[in-house]
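Quick note, the sequences are listed as chains G and B, same order.
Here the first sequence stands for residues 3 to 372, where the numbers follow this note's numbering.
Here the second sequence stands for residues 15 to 438, where the numbers follow this note's numbering.
Where is the CB? At the ideal position from N, CA and C, for every residue including glycine.
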Amino acid sequence: MLITAAQQPPGHICLRGVSKSYDGETFIVRDLDLDIEKGEFLTLLGPSGSGKTTTLMMLAGFEYPTSGSIAFDGQAMHDRPPEKRDIGMVFQNYALFPHMSVAENVGYSLRVRGVDKAERDRRVADALRMVQLEQFAERKPAAMSGGQQQRVALARALVFEPRLVLMDEPLGALDKKLREDLQLEIRHIADKLDLTVVYVTHDQSEALTMSDRIAIFNDGKIQQIGTARDIYIRPANRFVASFVGDNNCLCAQVIAIDGDVVRARLPGGAVVSARQTQHARIGAAATISVRPEDLHFCGGEAEGVVKGRVCDVVYYGDQLRTHVELSDGALVVIKSSPGAAHAGTQVGAPVFLSWNAGQAWVLDPKQANQ
Amino acid sequence: MRMKTAQADKAALDRGTVVRGCAVGAARGERMQAMRSALPALPLLVFLSCFLVLPLIFIFHTAISDREIADNLPETVAALQDWNGDGTPPPEVYAIFLGEIGKANERATLRQLGRRMGYQLDRGMNLIQKAGGVARSGAATDAAAARTALTDIDPAYAAPGIWTIVKQHGSPYSTFYLGWAAGFQTKLDKDGRPSMETGYDFRLFYLRTILISLAVTALTLVVGYPLAYVIATSRGWVGGLMLFCILLPFWTSLLVRTMSWIVVLQTNGVLNGVLTGIGAVTEPVTWLYTRTATILVMFQIQLPFTVLPMLGVMRAIPPSHVRAARSLGAGPIRAHFNVYFPQAVPGIAAGGLLTFVLCLGFYLTPALVGGASDQMISYFIARFTNEELNWGLASALSTLLVVGAGVCALPFARLISRHSSERK
Numbered sequence: 003m004l005i006t007a008a009q010q011p012p013g014h015i016c017l018r019g020v021s022k023s024y025d026g027e028t029f030i031v032r033d034l035d036l037d038i039e040k041g042e043f044l045t046l047l048g049p050s051g052s053g054k055t056t057t058l059m060m061l062a063g064f065e066y067p068t069s070g071s072i073a074f075d076g077q078a079m080h081d082r083p084p085e086k087r088d089i090g091m092v093f094q095n096y097a098l099f100p101h102m103s104v105a106e107n108v109g110y111s112l113r114v115r116g117v118d119k120a121e122r123d124r125r126v127a128d129a130l131r132m133v134q135l136e137q138f139a140e141r142k143p144a145a146m147s148g149g150q151q152q153r154v155a156l157a158r159a160l161v162f163e164p165r166l167v168l169m170d171e172p173l174g175a176l177d178k179k180l181r182e183d184l185q186l187e188i189r190h191i192a193d194k195l196d197l198t199v200v201y202v203t204h205d206q207s208e209a210l211t212m213s214d215r216i217a218i219f220n221d222g223k224i225q226q227i228g229t230a231r232d233i234y235i236r237p238a239n240r241f242v243a244s245f246v247g248d249n250n251c252l253c254a255q256v257i258a259i260d261g262d263v264v265r266a267r268l269p270g271g272a273v274v275s276a277r278q279t280q281h282a283r284i285g286a287a288a289t290i291s292v293r294p295e296d297l298h299f300c301g302g303e304a305e306g307v308v309k310g311r312v313c314d315v316v317y318y319g320d321q322l323r324t325h326v327e328l329s330d331g332a333l334v335v336i337k338s339s340p341g342a343a344h345a346g347t348q349v350g351a352p353v354f355l356s357w358n359a360g361q362a363w364v365l366d367p368k369q370a371n372q
Numbered sequence: 015m016r017m018k019t020a021q022a023d024k025a026a027l028d029r030g031t032v033v034r035g036c037a038v039g040a041a042r043g044e045r046m047q048a049m050r051s052a053l054p055a056l057p058l059l060v061f062l063s064c065f066l067v068l069p070l071i072f073i074f075h076t077a078i079s080d081r082e083i084a085d086n087l088p089e090t091v092a093a094l095q096d097w098n099g100d101g102t103p104p105p106e107v108y109a110i111f112l113g114e115i116g117k118a119n120e121r122a123t124l125r126q127l128g129r130r131m132g133y134q135l136d137r138g139m140n141l142i143q144k145a146g147g148v149a150r151s152g153a154a155t156d157a158a159a160a161r162t163a164l165t166d167i168d169p170a171y172a173a174p175g176i177w178t179i180v181k182q183h184g185s186p187y188s189t190f191y192l193g194w195a196a197g198f199q200t201k202l203d204k205d206g207r208p209s210m211e212t213g214y215d216f217r218l219f220y221l222r223t224i225l226i227s228l229a230v231t232a233l234t235l236v237v238g239y240p241l242a243y244v245i246a247t248s249r250g251w252v253g254g255l256m257l258f259c260i261l262l263p264f265w266t267s268l269l270v271r272t273m274s275w276i277v278v279l280q281t282n283g284v285l286n287g288v289l290t291g292i293g294a295v296t297e298p299v300t301w302l303y304t305r306t307a308t309i310l311v312m313f314q315i316q317l318p319f320t321v322l323p324m325l326g327v328m329r330a331i332p333p334s335h336v337r338a339a340r341s342l343g344a345g346p347i348r349a350h351f352n353v354y355f356p357q358a359v360p361g362i363a364a365g366g367l368l369t370f371v372l373c374l375g376f377y378l379t380p381a382l383v384g385g386a387s388d389q390m391i392s393y394f395i396a397r398f399t400n401e402e403l404n405w406g407l408a409s410a411l412s413t414l415l416v417v418g419a420g421v422c423a424l425p426f427a428r429l430i431s432r433h434s435s436e437r438k
């Protein structure tokens with residue numbers, strides 16, 4: 003493949019201003035800009051109806067953008083039919099052809115491309131070996147388990163060395179244990195073959211464990227894009243904070259900004275601290291976000307301590323979740339290990355909570371990017 | 015096997031009537047359970063056995079029944095056993111024959127016997143009636159006189175033809191009607207040679223029936239496949255509207271639909287009006303009472319029967335399969351024929367088979383819009399049942415039709431079941 007004077011490194015995929023609407027009024031995807039680097043594992047994460055699958059379908063060529071452009075290596079791609087895009091795709095329910103054997107399924111792309119029989123057999127065998135299914139070549143898909151079928155689908159999507167691999171909730175139908183095994187296996191194969199992968203899921207733990215970068219979708223827009231760590235620790239807005247991991251959001255009013263620490267007053271009167279972000283302005287309302295695992299119980303009233311009353315204690319085996327109603331009526335959840343101090347506090351008992359200023363964030367009080 | 019026993023045990027336990035560990039009791043319990051669970055289907059079973067199985071058995075029985083000679087001429091048949099078929103039988107046979115004809119005359123079964131002889135022998139009816147006349151006159155008193163009287167009244171009695179037939183059909187069951195229906199030469203002349211009279215050519219009628227059915231089946235498949243595909247894959251109102259249009263004829267009686275086709279197809283009908291109106295033809299075209307009309311009307315009637323089974327199968331094909339093929343590099347047509355079509359085959363086979371088998375039995379439509387000399391086999395079955403009162407032949411024709419349709423259906427049915435077991 004010859005790449006001439008490309009400003010971008012080879013394998014770069016670029017979406018600019020992509021919108022999709024069926025009726026011209028409601029947009030499923032709105033004005034989307036996205037760059038995908040060669041060898042990157044990008045996950046599109048979001049609730050159903052957030053536009054992540056539509057974005058994937060536009061990349062694959064099954065849907066065409068209402069406006070905007072999609073380019074691979076600088077070549078416009080958005081008006082090409084799917085068979086001319088050189089994209090491997092793994093579907094939610096595998097979409098294996100039931101009337102073909104495993105080997106025929108995997109070799110289909112090569113047959114269509116006119117690869118001769120010997121070469122085809124060799125590459126099919128390689129692909130099946132990669133997913134550890136070489137002994138199942140002659141089976142029909144219906145005679146295999148869900149996990150095996152998913153591996154066949156993976157081998158089929160990779161055997162023709164596509165420049166981009168799309169995966170549409172490929173593990174959704176599998177049980178938890180198998181799903182975790184396959185997550186690692188897919189990640190391993192992607193690394194080994196230096197694949198560019200766009201992976202759609204609504205399962206946040208899957209996104210966090212597999213991805214180089216995660217794009218959080220809601221309402222047809224990307225709310226935040228970044229590494230798993232970025233997104234978990236520094237959520238851009240309330241939507242991301244509550245969608246990825248559990249999160250406590252407290253409404254407050256900013257009363258002081260002291261270096262990179264913001265001091266804010268909760269409606270109940272307590273003054274708390276959090277890290278400065280661009281959203282904090284003195285006198286303005288702000289949302290303070292604290293992860294349940296960053297909240298802890300403390301002995302009594304002091305500066306930065308919030309008072310509340312236990313309303314529920316739920317035992318999870320490795321952790322205990324205490325639901326606390328603050329004096330202003332806000333509800334928060336505290337995760338602690340079952341053996342920790344104050345764990346097992348009676349329902350109805352008063353408690354005091356605090357957190358390190360470095361582990362709380364000031365967020366835009368608006369729900370999400372609109 | 016062990017599981018089965020366990021289930022039976024459980025069933026027995028539930029009812030608390032069978033001692034545990036008793037295998038026979040458990041098996042019976044299981045049978046009882048199975049019977050009880052089939053109980054709601056009992057009215058249907060009763061209905062089916064009364065109105066499907068019993069009539070079928072009756073038809074098969076009628077097709078192989080051949081009682082007239084056995085009932086009316088048993089002693090003649092016995093007496094003919096020693097005759098070797100050359101020349102004429104000994105005079106005693108004539109006497110016995112004449113005696114039995116006399117008895118048949120008294121029982122008023124002579125006409126039946128005459129008709130049966132007529133099926134197989136030139137002027138058979140006439141011969142038996144003449145013998146009846148001789149028997150009534152009572153002239154023949156001994157064997158020689160009986161022989162003279164019969165050969166005098168008709169020389170055919172001096173030929174081996176009639177005696178061969180009587181000798182061969184002395185059993186109450188024979189394959190005579192089936193052979194006749196299958197188009198074998200069955201009619202003899204007075205000398206026992208194949209008759210010059212040409213009867214119905216049933217092989218031609220069967221062939222015609224099969225050809226018309228195949229044409230209609232092919233037409234419904236060619237038109238129905240794209241239609242079913244569009245309905246199965248369309249979203250929104252388009253598919254619903256098309257399905258409604260296909261189902262619409264189901265709510266109109268077959269007779270009304272066929273009659274309205276007559277209005278459309280007749281010489282001064284709608285179709286010719288349109289054709290002459292747009293200047294496509296100058297003279298009205300003869301549509302009605304042609305094979306074209308038969309095929310056209312049958313096609314319209316059968317289209318839903320072909321489309322609905324196809325639709326059922328096509329709706330179960332996930333759209334992701336064609337998408338997967340497209341993403342793997344196949345163009346839309348190639349993806350369709352590599353991936354979609356093979357999965358639709360059971361539906362195509364089921365729809366085509368249903369239409370073909372139903373077409374084989376079409377009666378009303380060809381009778382009303384088809385040519386008089388271009389009738390299908392059902393027309394002849396009805397004709398032999400209602401007009402010629404030859405129930406044996408009508409039953410034999412029906413039997414061949416049912417068996418033939420069954421033989422056609424079997425490999426297709428196996429194909430369909432194999433495909434459906436392949437799919438999960």
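If we call anything under 7 Å between Cβ atoms a contact, is residue i one with residue j?
| i | j | result |
| --- | --- | --- |
| glutamine 151 of chain G | tyrosine 96 of chain G | yes |
| phenylalanine 299 of chain G | valine 353 of chain G | yes |
| alanine 77 of chain B | serine 341 of chain B | no |
| isoleucine 260 of chain B | histidine 183 of chain B | no |
| valine 371 of chain B | alanine 242 of chain B | no |
| serine 297 of chain G | isoleucine 336 of chain G | The amino acid at residue 297 of chain G is misidentified as serine; the sequence shows leucine. Yes, they are a contact pair. |
| isoleucine 15 of chain G | isoleucine 38 of chain G | yes |
| arginine 81 of chain B | proline 186 of chain B | yes |
| leucine 58 of chain B | alanine 195 of chain B | no |
| glutamine 2 of chain G | valine 246 of chain G | No answer is possible for residue 2 of chain G: it lies beyond the span of chain G, which begins at 3 and ends at 372. |
| alanine 172 of chain B | threonine 178 of chain B | no |
Where do the ends of the alpha helix (DSSP H) carrying residue i lie?
| i | result |
| --- | --- |
| leucine 34 of chain G | Element bounds for leucine 34 of chain G: not the alpha helix (DSSP H) but the beta strand (DSSP E), 29-38. |
| arginine 161 of chain B | 157-167 |
| lysine 144 of chain B | 138-151 |
| proline 105 of chain B | 105-121 |
| proline 346 of chain B | 346-349 |
Which residues in the same chain as residue i place their Cβ atom closer than 7 Å to its Cβ, once the five residues preceding and following it in sequence are excluded?
| i | result |
| --- | --- |
| alanine 163 of chain B | Val148, Ala153, Ala154 |
| alanine 7 of chain G | Bear in mind that a pLDDT of 38 at alanine 7 of chain G, under 50, signals an unreliable position, so the model cannot answer this. |
| glycine 366 of chain B | Thr231, Leu235, Thr320 |
| methionine 328 of chain B | Ala242, Tyr243, Ala246, Ala358, Gly361 |
Just to confirm my understanding: we take residue i, look at its own chain, exclude 5 residues before and 5 after, and list those with CB closer than 6 Å. What are they?
| i | result |
| --- | --- |
| glycine 35 of chain B | Here glycine 35 of chain B scores only 48 on pLDDT, less than 50, and its place in the model should not be relied on; the value that follows carries that caveat. No residues qualify anywhere along the chain. |
| serine 412 of chain B | Ile73, Ile395 |
| glycine 109 of chain G | Arg122, Val126 |
| alanine 217 of chain G | Leu46, Ile224, Ile227 |
Since residue i sits in a beta bridge, which residues does DSSP pair it with?
| i | result |
| --- | --- |
| glutamine 255 of chain G | G:Arg267, G:Ala287 |
| threonine 324 of chain G | G:Val315, G:Ile336 |
| tryptophan 97 of chain B | BP columns for tryptophan 97 of chain B are empty, so no partner. |
| tryptophan 363 of chain G | G:Arg277, G:Ser291 |
| methionine 169 of chain G | G:Val92, G:Tyr201 |
Take residue i and list the residues in its own chain whose beta-carbon comes closer than 8 Å to its own, dropping the five residues that flank it on each side.
| i | result |
| --- | --- |
| proline 100 of chain G | Lys142, Pro143, Ala144 |
| threonine 300 of chain B | Thr281 |
Along the beta strand (DSSP E) that carries residue i, what are the first and last residues, could you check?
| i | result |
| --- | --- |
| serine 338 of chain G | 333-338 |
| proline 352 of chain G | 352-356 |
| phenylalanine 299 of chain G | 298-300 |
| lysine 22 of chain G | 15-23 |
Where are the alpha helix (DSSP H) runs, 4 residues long or more, that stay fully inside the stretch 266-343 of chain B, in chain order? 268-279, 284-291, 305-329, 333-341
Which ranges does the alpha helix (DSSP H) cover as unbroken runs of at least 4 residues, wholly within the stretch 374-426 of chain B, from first to last along the chain? 378-383, 391-400
Which parts of the stretch 50-90 of chain B are runs of the alpha helix (DSSP H), unbroken and 4 residues or longer, counting only runs that do not cross its ends? 56-62, 68-78, 81-86
Residue ranges of each alpha helix (DSSP H) within the stretch 193-235 of chain G, 4 or longer: 206-212, 230-235
Run through the stretch 25-103 of chain G for me and flag every whole alpha helix (DSSP H) of 4 or more residues, listed as ranges in chain order. 54-62
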